[in-house]
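Trainee:
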Amino acid sequence: MTTDIAETGVAAEELKQFIERIERLEEEKKGIADDIKEVYAELKGRGFDNKAVRKIVSIRRQDASERQEQEAILELYMQALGMA
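The sequence shown begins at 1 in full-length UniProt numbering and counts up by one.
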């Protein structure tokens with residue numbers, strides 16, 4: 001299979017296109033990550049707690065049942081440690 005790709009221009013061109021597409025997406029991902037960092041910097045500059053905001057973003061990503069399950073486990077562990 002490796003020899004086939006090296007010997008055929010069509011397969012090599014297709015592979016090159018996939019790689020270039022991945023590279024473009026990686027660059028876009030980096031740009032988005034930089035944008036997110038800027039938003040967190042703005043939050044911090046306005047006096048918001050980034051750690052709390054990150055936690056809220058994480059919680060909002062979860063569906064309701066997943067969130068409830070994690071909250072129940074956390075509550076159980078806190079009770080076991082005498083923290084609740």
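We put the beta carbon where it would ideally sit given N, CA and C, even for glycine.
Measuring only the C-alpha atoms, how far is residue 83 from residue 73?
Mentor: The sequence position of residue 83 within the sequence shown is 83, counting from 1. The sequence position of residue 73 within the sequence shown is 73, counting from 1. C-alpha of residue 83 to C-alpha of residue 73: approximately 13 angstroms in a straight line.
Trainee: Compute the Euclidean distance between the alpha carbons of residue 69 and residue 18, then round it to the nearest angstrom.
Mentor: Position 69 of the sequence shown, counting from 1, holds the residue named residue 69. Position 18 of the sequence shown, counting from 1, holds the residue named residue 18. So the alpha carbons of these two residues sit roughly 40 angstroms apart.
Trainee: To the nearest angstrom, report how far apart residue 55 and residue 71 are at their CA atoms.
Mentor: Taking the sequence shown and counting its residues from 1, the one referred to as residue 55 is at position 55. Taking the sequence shown and counting its residues from 1, the one referred to as residue 71 is at position 71. Using only the alpha carbons, I get a separation of about 13 angstroms.
Trainee: Where residue 48 and residue 36 are concerned, what is the direct C-alpha to C-alpha distance, given to the nearest angstrom?
Mentor: Sequence index remark: in the sequence shown, residue 48 carries index 48 (1-based). Sequence index remark: in the sequence shown, residue 36 carries index 36 (1-based). Near 15 angstroms, if we compare the C-alpha coordinates of residue 36 and residue 48.
Trainee: For a test of the three-state rule: what should DSSP assign to residue 49, helix, strand or coil?
Mentor: As a working note, residue 49 is residue 49 in the sequence shown. Residue 49: coil per DSSP, three-state reduction.
Trainee: Hey, how far is the Cα of residue 21 from the Cα of residue 75?
Mentor: Here residue 21 is taken as the residue at index 21 of the sequence shown, counted from 1. Here residue 75 is taken as the residue at index 75 of the sequence shown, counted from 1. When rounded, the distance between both Cα atoms is 45 angstroms.
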